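The structure under discussion appears below in the form of structure tokens.
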Amino acid sequence: MSTPHPEGRGAALAMKNALQLAGLKAEDIDYLNLHATATKINDSVESRAVFSVFADSVPCSGTKGITGHTLGAAGALETIITLTALQQQFIPGTQGLQELDDDCQCQVIKAPLQTKNMQIAMSNSFGFGGNNASVIVAL
């Protein structure tokens, strides 16, 4: 019930639907805030889903290493972090990440990174029972 599809179908569908609803393409996204629970299964599945939508074209990071997993508040909090990243032109690093799993094909940003010209970002929030959401924010 709480284990995601091994190929990340629900997560990929959430990201694709968000892009479609916004009238955007994957290459329009400048930053992706990952759900990134730091669990082997969930992170592996999210990595596959992200790669199926974006290949390795979008810089990503997970912020739960900074905030902890706030459960029901995680989606809202990480959307605020994502919007702040756009406003500050700053990608938060993936705090606590020491090394990527071998199967991770995403462009994961480990240390904080100053950027320029970020306009559009996406934030993922994936919950138990296949409750998956991706939200797009823009300046």
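Residue numbers for the sequence shown follow numbering that gives the first Met the number 0, beginning at 0 and rising by one.
Beta carbons: idealized from backbone N, C-alpha and C, even for Gly.
None of the values given here were measured: they were computed from a predicted structure.
Residues bridged to I119 (per DSSP): Start at 1 with the first residue of the sequence shown, and residue 119 comes out as number 120. DSSP lists A137 as partners of I119.
Taking the alpha-carbon of L12 as reference, which of A137, L138, A132 and M121 has the nearest alpha-carbon? Taking the sequence shown and counting its residues from 1, the one referred to as residue 12 is at position 13. Among A137, L138, A132 and M121, the Cα nearest to that of L12 is on A132.
Can you tell me where the alpha helix (DSSP H) holding G74 begins and where it ends? The residue labelled residue 74 in the question sits at position 75 within the sequence shown. From DSSP, the alpha helix (DSSP H) with G74 extends over A73 to Q87.
Thinking C-alpha only, which one of Q113, D42 and D55 is nearest I28? Translated into the one-based positions of the sequence shown, residue 28 becomes position 29. Comparing Cα-Cα distances from I28 to each of Q113, D42 and D55, the minimum goes to D55.
G61 bridges to which residues according to DSSP? To locate residue 61, count along the sequence shown from 1; it is residue 62. Answer is L33.
If you draw a straight line from the C-alpha of Q113 to the C-alpha of S122, how long is it? By one-based count along the sequence shown, residue 113 stands at place 114. By one-based count along the sequence shown, residue 122 stands at place 123. Each residue's Cα considered, the two are about 18 Å apart.
Would you mind stating whether T93 and S60 have Cβ atoms separated by less than 7 Å? Sequence index remark: in the sequence shown, residue 93 carries index 94 (1-based). Sequence index remark: in the sequence shown, residue 60 carries index 61 (1-based). Annotated as proximal: T93 and S60, with beta-carbon spacing under 7 Å.
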